[in-house]
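Going by the working numbering, the first sequence opens with residue 83, and the numbers climb by one from there.
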Amino acid sequence: MLNLRFIQENPELVVEKLKKKNFDASAIVSQISDLYKSKNEIQVKADQFKSEMNKLSKEIGQLFREGKQEEANQAKARTSELKDNIKQLDDDFAQIDEQVFALQVQLPNLPADIVPAGKTPEDNEVVKTGGEQPNLGADKLPHWELAEKYDLIDFELGVKLTGAGFPVYKGKGSRFQRALINFFLDEAQKAGYLEVQPPLVVNEDSGFGTGQLPDKEGQMYHITEDNLYLIPTAEVPVTNLYRDVILDAKQLPVKNTAYSACFRREAGSYGKDVRGLNRLHQFDKVEVVQVAHPDQSYAILDEMVAHVESLVKKLGLPYRILRLCGGDMSFTSALTYDFEVYSAAQEKWLEVSSVSNFESFQANRLKLRFREEGQKKPQVAHTLNGSALALPRIVAALLENYQTADGIKVPDVLVPYCGFDMIN
RNA sequence: GGAGAGAUGGCAGAGUGGUCGAAUGCGGCGGUCUUGAAAACCGUUGAUCUUCACGGAUCCGGGGGUUCGAAUCCCUCUCUCUCCGCCA
Numbered sequence: 083m084l085n086l087r088f089i090q091e092n093p094e095l096v097v098e099k100l101k102k103k104n105f106d107a108s109a110i111v112s113q114i115s116d117l118y119k120s121k122n123e124i125q126v127k128a129d130q131f132k133s134e135m136n137k138l139s140k141e142i143g144q145l146f147r148e149g150k151q152e153e154a155n156q157a158k159a160r161t162s163e164l165k166d167n168i169k170q171l172d173d174d175f176a177q178i179d180e181q182v183f184a185l186q187v188q189l190p191n192l193p194a195d196i197v198p199a200g201k202t203p204e205d206n207e208v209v210k211t212g213g214e215q216p217n218l219g220a221d222k223l224p225h226w227e228l229a230e231k232y233d234l235i236d237f238e239l240g241v242k243l244t245g246a247g248f249p250v251y252k253g254k255g256s257r258f259q260r261a262l263i264n265f266f267l268d269e270a271q272k273a274g275y276l277e278v279q280p281p282l283v284v285n286e287d288s289g290f291g292t293g294q295l296p297d298k299e300g301q302m303y304h305i306t307e308d309n310l311y312l313i314p315t316a317e318v319p320v321t322n323l324y325r326d327v328i329l330d331a332k333q334l335p336v337k338n339t340a341y342s343a344c345f346r347r348e349a350g351s352y353g354k355d356v357r358g359l360n361r362l363h364q365f366d367k368v369e370v371v372q373v374a375h376p377d378q379s380y381a382i383l384d385e386m387v388a389h390v391e392s393l394v395k396k397l398g399l400p401y402r403i404l405r406l407c408g409g410d411m412s413f414t415s416a417l418t419y420d421f422e423v424y425s426a427a428q429e430k431w432l433e434v435s436s437v438s439n440f441e442s443f444q445a446n447r448l449k450l451r452f453r454e455e456g457q458k459k460p461q462v463a464h465t466l467n468g469s470a471l472a473l474p475r476i477v478a479a480l481l482e483n484y485q486t487a488d489g490i491k492v493p494d495v496l497v498p499y500c501g502f503d504m505i506n
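Below, the structure is given as structure tokens:
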């Protein structure tokens, strides 16, 4: 959520910057501007009346205490008009306030200056490519066939239990998942992140805080009976740890990591893109989250990107880092880097991580602030997060890229976590 | 699932119609004292909106009502805790 005063003071800037996200903000911004002005006028007027009312009430109290009934009753008569005025102004204010808010939440975050223009994923900018693509023979298999061949993942069984997109991991497949989770958590810890285990179900306030609500309800599983939501990512509960919090500047940056299952409805997806592990309704992910000082958030974004890069490197996967174009960025992000790994049998790039700086967009919603040493007024912090990493597509790429005639080789870094070095 | 209690500042906790943005204690910050620290003592210490500023307004879980006036009374919702039942 953009700050109201900021919108008011920089209307052209907001409109101009949002063009890069292919969002025409001109109408909304000018409406906000008008409403904000009259909102302030109303508040000033209402405050004056209220001030008078407060004074009068005190006088009346004083008169009663002094036993001056007559005068008190006379004074009382004068309050009714004030009361009507206040009521009217308060109602108007509430109405305008609601309108402004409804408009305000429609505005996406402003993209950072280095965000490339563009509309589709084709316009994303490849900023780095690393790792080596393996040379697999002609008999290479896609991961869903490997998963079946070695009895690692049972998609049919998941359909029986729940539905498509809820696979059952078995034996070494299950063990392999668990190894990756532990590896990722350990790496995050080494990088200075504090591990937390959040709830997998959150309330409406939390959904609003990170930007899933309102409007993106459809992406989350909703437990209507209790009005709770299954988390689409650990970003939601972990970032919301700091909702309504004022930190000391010296506590920044806050670094948290969490493993969680993630649940996404992903309505409307179909076809070969969702084959196997490519797109699931439930999957595992290790997330890293930081709360940062605004002066440091972009340096921290780079640090987070470097951390994710170190993970794919250690796993020996060919990867590339993309700077997302305005059209492909999320509503809430100011700058996002996506990581893709090359899936050698599917012969395509799979997105495995998304690392973003939200600047103050989430923090405004969360009321997440910090106080500079010796300063009285708190200021809004910046939030960032990234996948480090999401499991399914990493598993897909590892299975495919490490397949041999004798089975699937386990990357060296994972051997101690797995307890085996070959899947066969 | 049944019964009861409660929600007040960073925390604990008083306040039950006006003098209450709120006692007191703890914690935090500043100071006196000290070689330094502790102790003791003194001072200070919520957020938001609005105004160039002085100032003004709002907030005692959320919403609504009664009243000239509500943390305090009424209605309603949400949440938390305790006991019983069930249970990993």
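Every residue, glycine too, gets a C-beta built ideally from N, C-alpha and C.
Using CA coordinates, which residue listed in 347, 214 and 326 is at the minimum distance from residue 245?
By one-based count along the first sequence, residue 245 stands at place 163. When C-alpha distances from residue 245 are compared across 347, 214 and 326, the shortest belongs to 347.
With a threshold of 6 Å on Cβ separation, who are the neighbours of residue 433 within its own chain once the five nearest residues in sequence on each side are excluded?
Stepping through the first sequence from its first residue, residue 433 is reached at position 351. Around residue 433: 420 and 422.
Per-residue DSSP class, three states only, for residue 310
Within the first sequence, the letter at position 228 stands for residue 310. Here residue 310 sits in strand by DSSP.
Could you name the residues of the same chain whose beta carbon sits closer than 8 Å to that of residue 285, not counting the 5 residues immediately before and after it, in chain order?
Mapped onto the first sequence, residue 285 falls at position 203. Excluding sequence neighbours, residue 285 sits near 309, 310 and 311.
Anticipated Cβ contact below 8 Å, residue 102 with residue 187, distance rounded:
Within the first sequence, numbered from 1, the residue matching residue 102 stands at position 20. Within the first sequence, numbered from 1, the residue matching residue 187 stands at position 105. The pair is not a contact, with the Cβ atoms about 20 Å apart (cut-off 8 Å).
So, for residue 502: in the same chain, excluding its five sequence neighbours on each side, which residues have a beta-carbon less than 7 Å away from its beta-carbon?
Locating residue 502 in the first sequence gives position 420, counting from the first residue. By the criterion of a C-beta distance shorter than 7 Å, residue 502 is surrounded in its chain by 254 and 492, once the five residues flanking it on both sides are discounted.
Tell me the residue span of the beta strand (DSSP E) that contains residue 207.
Here residue 207 is taken as the residue at index 125 of the first sequence, counted from 1. Residue 207 -> beta strand (DSSP E) spans 207 to 212.
Name the DSSP bridge partner or partners of residue 342?
In the first sequence, residue 342 corresponds to position 260, counting from 1. In the DSSP output, where bridge partners are listed per residue, residue 342 has 367.
From residue 329 to residue 464, what distance separates their C-alpha atoms?
On the first sequence, position 247 is the one that residue 329 refers to. On the first sequence, position 382 is the one that residue 464 refers to. Approximately 12 Å, taken between the alpha carbons.
Since I believe residue 341 is in contact with residue 267 (beta carbons under 8 Å), could you give me their beta-carbon distance rounded to a whole number of angstroms?
On the first sequence, residue 267 is found 185 positions in, with the first residue counted as 1. On the first sequence, residue 341 is found 259 positions in, with the first residue counted as 1. Rounded, the Cβ-Cβ distance is 6 Å, consistent with contact.
Nearest candidate by alpha-carbon position, reference residue 319, set 105, 344 and 153
Residue mapping note: residue 319 aligns to position 237 of the first sequence, counting from 1. Taking only the C-alpha atoms, the option nearest residue 319 is 344.
Cβ-based burial, residue 95 [other Cβ within 10 Å; buried from 16]
If you number the first sequence from 1, residue 95 lands on position 13. Residue 95 is exposed by the Cβ-count criterion.
With burial defined as no fewer than 16 other Cβ atoms inside 10 Å of the residue's Cβ, what is the status of residue 120: buried or exposed?
Position 38 of the first sequence, counting from 1, holds the residue named residue 120. The residue in question, residue 120, is exposed, as its Cβ has fewer than 16 Cβ neighbours within 10 Å.
Secondary structure of residue 438, DSSP reduced to three states
In the first sequence, counting from the first residue as 1, residue 438 sits at position 356. Under the three-state reduction of DSSP, residue 438 is assigned to strand.
Taking 8 Å as the limit between beta carbons, can you name the residues of its chain near residue 252, skipping five residues before and five after?
For this step, residue 252 is matched to residue 170 along the first sequence. Excluding positions up to five away in sequence, the list reads 233, 234, 235 and 236.
Measure the beta-carbon distance from residue 466 to residue 382 and round it to whole angstroms, keeping in mind my assumption that it falls under 8 Å.
If you number the first sequence from 1, residue 466 lands on position 384. If you number the first sequence from 1, residue 382 lands on position 300. The pair is a contact, with the Cβ atoms about 6 Å apart (cut-off 8 Å).
Assigned secondary structure, residue 194 (DSSP; H/G/I helix, E/B strand, else coil)
Sequence index remark: in the first sequence, residue 194 carries index 112 (1-based). Residue state, collapsed to three classes: coil.
Output the boundary residues of the alpha helix (DSSP H) element that contains residue 292.
Here residue 292 refers to the residue found at position 210 of the first sequence. 286 to 292 is the extent of the alpha helix (DSSP H) around residue 292.
Going by the DSSP bridge assignment, what does residue 465 pair with across the sheet?
Locating residue 465 in the first sequence gives position 383, counting from the first residue. The partner list for residue 465 (beta bridge, DSSP) reads 373.
How big is the Cα-Cα spacing for residue 159 and residue 180?
The residue labelled residue 159 in the question sits at position 77 within the first sequence. The residue labelled residue 180 in the question sits at position 98 within the first sequence. Between the alpha carbons of residue 159 and residue 180 lies a distance of about 33 Å.
Supposed close pair residue 335, residue 375 - CB separation, criterion 8 Å:
Taking the first residue of the first sequence as position 1, residue 335 is located at position 253. Taking the first residue of the first sequence as position 1, residue 375 is located at position 293. Correct: roughly 7 Å between the Cβ atoms.
Nearest by alpha-carbon distance to residue 450: which of 457, 441 and 229 is it?
On the first sequence, residue 450 is found 368 positions in, with the first residue counted as 1. Closest option to residue 450, Cα to Cα, is 441.
Judging by CA-CA distance, which residue of 389, 83, 238 and 291 is the nearest neighbour of residue 435?
Reading the first sequence from its first residue, position 353 is the one you call residue 435. It is 389 whose Cα lies nearest to the Cα of residue 435.
Could you please give the first and the last residue of the uninterrupted alpha helix (DSSP H) stretch that includes residue 175?
Here residue 175 is taken as the residue at index 93 of the first sequence, counted from 1. Run containing residue 175: 151 to 186, per the alpha helix (DSSP H) assignment.
For residue 223 and residue 425, the rounded distance between their alpha carbons:
Stepping through the first sequence from its first residue, residue 425 is reached at position 343. Stepping through the first sequence from its first residue, residue 223 is reached at position 141. The alpha-carbon separation between residue 425 and residue 223 amounts to approximately 11 Å.
Closest to residue 486 by C-alpha separation, out of 471, 506, 211 and 497, would be which residue?
In the first sequence, the residue the question calls residue 486 occupies position 404. The candidate whose alpha carbon is nearest that of residue 486 is 506.
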